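4 is the number of the first residue of the sequence shown in the working numbering; add one for each residue after it.
Idealized CB from N, CA, C, for every residue including glycine.
None of these values were measured; they are calculated from a predicted model.
To start, the structure under review is shown below, and the notes come after it.
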Amino acid sequence: MTIILVLIPLSIVLLTLAGAAFFWAVDNDQYDDMDTPALMPLAADAEDAPAPAPRRRAGS
Numbered sequence: 004m005t006i007i008l009v010l011i012p013l014s015i016v017l018l019t020l021a022g023a024a025f026f027w028a029v030d031n032d033q034y035d036d037m038d039t040p041a042l043m044p045l046a047a048d049a050e051d052a053p054a055p056a057p058r059r060r061a062g063s
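What follows is the structure, encoded as structure tokens:
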């Protein structure tokens, strides 16, 4: 039962740190644009794709 005297304060400290990290992220605009970063890798592939090499016919 003495472990509960360690676990309760530890859980309160961890909860406080998690709350502080969340509010820091909100205050620093980390959650402003949730859609564009997810779509950027898809758009970058279409623009940066190399053009296919022209095919040569066999026997010419």
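Mapping the DSSP letters down to three states, classify residue i as helix, strand or coil.
i, result
"Met43", "helix"
"Asp38", "coil"
"Pro12", "helix"
"Ala61", "coil"
Have a look at residue i and residue j and give me their C-alpha separation to the nearest angstrom.
i, j, result
"Met37", "Arg59", "46 Å"
"Ala61", "Met43", "40 Å"
"Ala49", "Thr39", "With a pLDDT of 49 at Ala49, under the threshold of 50, the modelled position of this residue cannot be trusted; read the value that follows with caution. Cα to Cα, the separation comes out at about 16 Å."
"Ile15", "Leu45", "41 Å"
"Ile7", "Phe26", "28 Å"
Just to check my reading of the structure: residue i and residue j have Cβ atoms closer than 8 Å, yes? What is that Cβ distance to the nearest angstrom?
i, j, result
"Tyr34", "Ala28", "7 Å"
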